[in-house]
Amino acid sequence: SQQGEEDPQALSIQEGENATMNCSYKTSINNLQWYRQNSGRGLVHLILIRSNEREKHSGRLRVTLDTSKKSSSLLITASRAADTASYFCATPNAGGTSYGKLTFGQGTILTVHP
Amino acid sequence: EAQVTQNPRYLITVTGKKLTVTCSQNMNHEYMSWYRQDPGLGLRQIYYSMNVEVTDKGDVPEGYKVSRKEKRNFPLILESPSPNQTSLYFCASNKGGTGDTQYFGPGTRLTVL
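Chains as they are written, first to last, in my numbering: chain G, 2 to 115; chain D, 382 to 494.
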């Protein structure tokens, strides 16, 4: 399996509910990033969490990182129909520094019904 | 406006006909990358570049070439396209260093018949 795998593969919820997506990775990292992709479009960076951080917030987004379990979660609170998109976690190359090489998971497709 | 641009956005071609997808960024970023995205396989890196004239293979470089003659441009070249290169391609750039994030272009949807 690949570095950075998301779970679940697809998630369908109603507007106003919370959405939680999980990501597991294999090698040591110094940061983990989450990206969003609207259908067929380019990815947009959402949030980055460093290995010495356990939790980070940005608006309605909350990201956690558990380096002992090599896992991260992305929580979107009070979801909106506009949050419908694919969400990817990404980790830099195994050495930890980012020289342009990111490994992406296969993503979670989130559908928020009005 | 800071952005990564790609051209063309859509391309239908035939097997064996050389093509180039251009990528340009206006953020003075050191690093640029090309990815392809396929259903069930996620995004896979094709090539990346750390600076002018410095490039390296990603995870799926076979059948592709790149060049970085100028900092802002990073074209992707398919010398002899084949149907298995039908995909959605993304260019990305970042300034480099730990804690860095990537900026993506809008994508190029390529169909090789």
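Every residue, glycine too, gets a C-beta built ideally from N, C-alpha and C. Computed from a prediction, not measured in an experiment: that's the story for all the values here.
- Minimum Cα-Cα distance from residue 436 (chain D) among the listed residues D:423, D:463, D:415 and D:425 corresponds to D:415.
- Assignment of beta-bridge partners to residue 79 (chain G) by DSSP yields no partner.
- Interface residue (Cβ-Cβ distance to chain G less than 8 Å): residue 455 (chain D) is not classified as such.
- Where residue 93 (chain G) is concerned, the enclosing beta strand (DSSP E) starts and stops at 86-93.
- Contacts between residue 487 (chain D) and chain G, judged by CB atoms closer than 7 Å, involve 42 and 43 in chain order.
- Secondary structure of residue 384 (chain D) (DSSP, three-state): coil.
- Put simply, the CB of residue 17 (chain G) is far from chain D, with every gap to its CB atoms at 8 Å or more.
- In summary, residue 396 (chain D) is exposed, with fewer than 16 beta-carbon neighbours lying within 10 Å of its beta-carbon over all protein chains present.
- The C-beta of residue 27 (chain G) comes no closer than 8 Å to any C-beta of chain D.
- Counting C-beta pairs closer than 8 Å gives fewer than three between the region 48-67 of chain G and the region 404-412 of chain D, which falls short of the contact rule.
- For the region 446-472 of chain D, the set of positions with a beta-carbon nearer than 8 Å to some beta-carbon of chain G reads 469 and 471 in chain order.
- Taking a cut-off of 8 Å on C-beta distances, the region 13-32 of chain G touches the region 70-80 of chain G, as three or more cross pairs fall below it.
- The beta-carbon distance between residue 441 (chain D) and residue 462 (chain D), rounded to whole angstroms, is 14 Å. This is too long to meet the 8 Å contact definition.
- Between the alpha carbons of residue 471 (chain D) and residue 15 (chain G) lies a gap of roughly 31 Å.
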